[in-house]
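Participant:
Protein chains in written order, with the numbering used here: chain A, 9 to 388; chain B, 2 to 182.
1) Do three or more CB pairs link the stretch 160-168 of chain A to the stretch 190-202 of chain A at distances below 8 Å?
2) Going along chain A, which residues have a C-beta under 7 Å from residue 36(B)?
3) Between residue 341(A) and residue 304(A), is the Cβ-Cβ spacing less than 8 Å?
4) So residue 166(B) contacts chain A; which residues on that side make the cut at Cβ distance below 7 Å?
5) Quick one: grab the DSSP three-state call for residue 110(B).
6) Which residues bound the beta strand (DSSP E) around residue 97(B)?
7) For residue 167(B), tell me which candidate among 155(B), 63(B), 32(B) has the shortest Cα-Cα distance.
8) Run the CB neighbour count on residue 150(B), radius 10 Å, all protein chains shown included, and call it buried at 16 or more, exposed below.
9) Could you say if the stretch 134-149 of chain A and the stretch 98-106 of chain A meet the contact criterion of at least three C-beta pairs nearer than 8 Å?
10) Span of the alpha helix (DSSP H) holding residue 1(B)?
11) Write down every uninterrupted run of the beta strand (DSSP E) in the stretch 196-270 of chain A whose length is 3 residues or greater and which is fully enclosed by it, in chain order.
12) Is the separation between the beta-carbon of residue 115(A) and that of residue 62(A) shorter than 8 Å?
13) Based on DSSP bridge pairs, tell me the residues matched to residue 120(B).
14) Can you find at least 3 beta carbon pairs, one from the stretch 61-68 of chain B and one from the stretch 124-141 of chain B, that sit closer than 8 Å?
15) In chain D, what lies closer than 9 Å to residue 86(B) by C-beta?
16) To the nearest angstrom, how far is the alpha carbon of residue 52(A) from that of residue 163(B)?
17) Using 8 Å as the threshold, is the stretch 11-31 of chain B in touch with the stretch 347-367 of chain A, meaning 3 or more CB pairs across them?
18) Return no unless some Cβ of chain A is closer than 8 Å to the Cβ of residue 21(B).
19) In chain order, what residues of the same chain lie with their CB nearer than 7 Å to the CB of residue 295(A), ignoring the 5 residues before and after it?
20) When the Cα of residue 281(A) is compared with those of 260(A), 228(A), 85(A), 306(A), which residue comes out closest?
21) Please confirm if residue 175(A) has its CB atom under 8 Å from at least one CB of chain B.
22) To the nearest whole angstrom, what separates the beta carbons of residue 445(A) and residue 66(A), a pair I think is in contact under 8 Å?
23) Using a Cβ-Cβ distance under 8 Å, would residue 83(A) count as near chain B?
24) Check whether the Cβ of residue 1(B) lies closer than 8 Å to any Cβ atom in chain A.
25) For chain B, is any of its Cβ atoms less than 8 Å away from the one on residue 193(A)?
26) DSSP three-state label for residue 54(A), please.
27) Locate the alpha helix (DSSP H) running through residue 131(A), then write down its first and last residues.
28) Exposed or buried, what is residue 176(B) when buried is set at 16 or more other beta-carbons lying within 10 Å of its beta-carbon?
29) I'd like to confirm the pairing. Which residues does DSSP put opposite residue 150(B) in its beta bridges?
30) Please report the residue range of the alpha helix (DSSP H) in which residue 82(A) lies.
31) Counting only C-beta atoms, is residue 172(A) closer than 8 Å to chain B at any point?
32) Taking just the CA atoms, how far does residue 43(B) sit from residue 100(B)?
33) According to the Cβ coordinates, are residue 161(A) and residue 104(A) closer than 8 Å?
34) Which residues of the stretch 101-115 of chain B have a Cβ closer than 7 Å to any Cβ of chain A? Give them in chain order.
35) Does chain A have any CB closer than 8 Å to the CB of residue 27(B)?
36) Looking only at C-alpha atoms, which of 230(A), 330(A), 225(A) sits nearest to residue 257(A)?
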């Protein structure tokens, strides 16, 4: 929020100097930024931190396994806390303090999680550990849906991600997961339940969270299957990513008429596609296209050209995020190719020279395009 | 963004009832299991790690935790699958031995019992009773006792073959019984 206020301040100074905004208008804008700005953000952050800390206090209470209290009394403490937090959430909501209400709801779901841990501890339950996280996430998403709380929906998404990760890796047992090749399809309905909540509240940052979670799940699934078969594992990831990018570029205007998401679709598609391409080139033991220098060079060249094309597209559509992601992908690709070597070091040098010249040609074409656009604007 | 601020108090009460209902049903299922399950005693060997969320616990290994290669011959080496373990009372207290490990439920005689477990290809069987939570800092004491004396677990087995720890025995004498509530 500080950054936004600073940006508005500098823009206002420039616009006032240009005579586009009057002094009175600038003061009104400043007052508006101050009113809905820092105070709310800070209180939200601190309220959420307080809920998280109280949640950790509850978990430490559980971990202490304090025998001076009966099981019933220990459960009573958790239940009372849970009801207390929900009552507090209602009170805050009635007074118009939605952020504090959200923080209190987060506290309630944290205590619910602590309750699950407490029962598992009291009765020495040692079943399938991800089940406890799943039960926690289900309760959390139900609260989020029922009370339309974005903060709680975000927490539910995080819990579902942890659950899916634990399921895919056999509860953090890396030794036994060495042979795992399964995709955790159960994540998709769980993800959809959070998506339903986000759709109901129309929470835009929540859509980004959902897209990021789905992208990570997709990439991770590629690795789970890719352990045994690179084509079955990473190629679908690459194709899904390219499909998202293609849909964004080809049908961007149609998609944006429904919801303004074509830009974000391109960005997430690029991350997914690059992750698939990267794994196919550098990670799997038996790359799809073999180990020969010619294939590596061709795959690397196509990847670098595609990234450069995205930079051009990002510039044309004013999608800065796409440009920054593409720069990141470009850097990772170049370093990885350098480390892998395209045949010999001399071959690597030739490869980078050719790629560099091609990208320079791209840059020249982009400059010409920009120049002709500027000329057309001046003429009109 | 739509107005998400005010929700009726009934919905908050419903959320509270729902969460406490889930937790209460967990407790009720466990209490019923402990009260009604068939009781057996299993010999154990503990070590003392710590759970990030649930605190100190003693890890329990049982005489019946390891199946032989012959008993595991039908299972994939990498698998982590649910199985039925047929046990037979070998006479002495806590001396149950594995008769067979199967995917389908076997027939049981009066001196036998079936437990549900998860099998790894190496023959290691997990029954879901491998952790015994103890008050902070008391794990090493129990571990010392287990080294010098014979420690065993009183286990309740329900009709589905699921297990729950009811208490602990040291040299055949009950040293701890878990209160139901």
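Virtual Cβ for every residue (Gly too), placed ideally from N, Cα, C. Note that this is a predicted model, so its numbers are computed, not measured.
Facilitator: From the atom records:
1) yes
2) What you label residue 36(B) is simply residue 35 of the second chain in a count that begins at 1. Within chain A, no residue comes near residue 36(B); the closest Cβ sits about 12 Å away, beyond 7 Å.
3) By one-based count along the first chain, residue 341(A) stands at place 333. By one-based count along the first chain, residue 304(A) stands at place 296. Not in contact: residue 341(A) and residue 304(A) (Cβ atoms no closer than 8 Å).
4) Along the second chain, one-based indexing puts residue 166(B) at 165. Chain A residues near residue 166(B): 132.
5) As a first step, residue 110(B) must be located in the second chain, where it is residue number 109. Residue 110(B) falls in the coil class under three-state DSSP.
6) Residue 97(B) sits at position 96 when you count from the first residue of the second chain. Start and end: 97-103.
7) The residue labelled residue 167(B) in the question sits at position 166 within the second chain. Minimum Cα distance to residue 167(B) is reached at 155(B).
8) The residue you call residue 150(B) lines up with position 149 of the second chain. Residue 150(B) is exposed by the Cβ-count criterion.
9) no
10) This structure cannot settle anything about residue 1(B), because the visible part of chain B is limited to 2 through 182.
11) none
12) Taking the first residue of the first chain as 1, we reach residue 115(A) at position 107. Taking the first residue of the first chain as 1, we reach residue 62(A) at position 54. Yes, Cβ-Cβ distance for residue 115(A) and residue 62(A) is below 8 Å.
13) Here residue 120(B) corresponds to residue number 119 of the second chain, with the count starting at 1. BP columns for residue 120(B) point to 82(B), 126(B).
14) yes
15) Checking the listed chains, one finds no chain D in this structure; the protein chains it contains are A and B.
16) To locate residue 52(A), count along the first chain from 1; it is residue 44. To locate residue 163(B), count along the second chain from 1; it is residue 162. Taking the straight line joining both Cα atoms gives about 45 Å.
17) no
18) By 1-based counting over the second chain, the position of residue 21(B) is 20. Residue 21(B) counts as touching chain A.
19) If you number the first chain from 1, residue 295(A) lands on position 287. Any reading at residue 295(A) is ruled out, since the residue's pLDDT is 49, under 50, leaving its predicted position unreliable.
20) To locate residue 281(A), count along the first chain from 1; it is residue 273. The shortest C-alpha separation from residue 281(A) is found at 228(A).
21) The sequence position of residue 175(A) within the first chain is 167, counting from 1. It does not; no Cβ of chain B falls within 8 Å.
22) Residue 445(A) is absent from the structure shown; chain A starts at 9 and stops at 388.
23) Reading the first chain from its first residue, position 75 is the one you call residue 83(A). By this cut-off, residue 83(A) is an interface position.
24) The displayed coordinates of chain B run from 2 to 182. Any statement about residue 1(B) would go beyond what the structure contains.
25) As a position in the first chain, residue 193(A) is number 185, starting the count at 1. No, because no Cβ of chain B sits closer than 8 Å to the Cβ of residue 193(A).
26) Translated into the one-based positions of the first chain, residue 54(A) becomes position 46. If DSSP states are grouped into helix, strand and coil, residue 54(A) belongs with the helices.
27) Mapped onto the first chain, residue 131(A) falls at position 123. Taken as a continuous stretch (DSSP letters only), residue 131(A) belongs to no alpha helix (DSSP H), as it is neither H nor E.
28) Residue 176(B) sits at position 175 when you count from the first residue of the second chain. It counts as exposed.
29) Mapped onto the second chain, residue 150(B) falls at position 149. Note: residue 150(B) sits in no beta bridge, so no partner.
30) By one-based count along the first chain, residue 82(A) stands at place 74. It spans 79-102 - the alpha helix (DSSP H) in which residue 82(A) sits, taken as one unbroken run.
31) Numbered from 1 along the first chain, position 164 holds the residue referred to as residue 172(A). So, not an interface residue.
32) The sequence position of residue 100(B) within the second chain is 99, counting from 1. The sequence position of residue 43(B) within the second chain is 42, counting from 1. So the two alpha carbons sit approximately 15 Å from each other.
33) What you label residue 161(A) is simply residue 153 of the first chain in a count that begins at 1. What you label residue 104(A) is simply residue 96 of the first chain in a count that begins at 1. No, the pair does not count as a contact, with Cβ atoms beyond the cut-off.
34) none
35) Translated into the one-based positions of the second chain, residue 27(B) becomes position 26. Closer than 8 Å to some Cβ of chain A, the Cβ of residue 27(B) qualifies, so yes.
36) One-based indexing of the first chain puts residue 257(A) at position 249. Comparing Cα positions, the closest option is 330(A).
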